[in-house]
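In my numbering, the protein residues as written are 12 to 184.
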């Protein structure tokens, strides 16, 4: 019987065989085919540039409803009133986020008192002043923040998303 022969395998021989198998598996995982490289490049592609509004359209701490990258993806454009990381515009305080909870896709509401987005489904909270970082609840990822650009006329364009928008298999349209 083959099983009986396993009893004769010593600890060193077993560990050596296990190490060789692990090294082989690691080497096999590093090999990338051209198709895999193309798929990876597509998964990292950004959404197209879309105009969301103008700096003059915004009021401090009042979210403006937007759709990005398409009509099936609600979001908000928000002027926070103080400069933040990844903020754009003359004051560095304009940000934009998806308003679909990354946990289960519930529509989020904005609380201007503490500048958070809140989910009524499972009570996740996301801080608008620190890039949509999750601060509470069941979500396991941060709120997708849209990459913004402001041109010389004050027009605000979205050009990508920091994280996967709920319900989408990739950040590629």
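All C-beta atoms, glycine included, are put in the ideal place defined by N, C-alpha and C.
Check, Outcome
"Residue 172, enclosing beta strand (DSSP E) - first and last residue", "166 to 172"
"The segment 125 to 136 in contact with the segment 144 to 154 per 3-pair CB rule at 8 angstroms", "yes"
"Residue 123 versus 112, 114, 89, residue with shortest Cα-Cα distance", "89"
"Cβ contact (3+ pairs, closer than 8 angstroms) linking the segment 90 to 105 and the segment 154 to 162", "yes"
"Secondary structure of residue 162, DSSP reduced to three states", "coil"
"Contacts around residue 77, its chain only, beta-carbon distance under 8 angstroms, and the 5 residues preceding and following it disregarded", "63, 64, 85, 86, 87, 88, 107, 169"
"Identified DSSP bridge partners for residue 117", "In DSSP, residue 117 forms no bridge with anything."
"Pairwise C-alpha distance: residue 72 and residue 81", "24 angstroms"
"Enclosing beta strand (DSSP E) for residue 89 [first to last residue]", "85 to 90"
"Cβ-based burial, residue 127 [other Cβ within 10 Å; buried from 16]", "buried"
"C-alpha distance - residue 140 paired with residue 69, whole-angstrom precision", "17 angstroms"
"Residue 75 beta carbon near the ligand MN (any heavy atom closer than 6 angstroms)", "In the structure on display, the ligand MN does not appear, and there are no ligands present to speak of."
"Nearest candidate by alpha-carbon position, reference residue 59, set 176, 171, 180, 145", "171"
"Own chain partners of residue 120 with C-beta closer than 6 angstroms, once the 5 adjacent residues on each side are dropped", "129"
"Residue 109 vs residue 180 beta-carbon contact at 7 angstroms", "no"
"Endpoints, beta strand (DSSP E) assigned at residue 78", "75 to 78"
"Exposure of residue 192, with buried meaning 16 or more beta-carbon neighbours within 10 Å", "It is not possible to answer for residue 192, since the shown part of the chain is limited to 12 through 184."
"Residue 94, DSSP secondary structure in three states", "coil"
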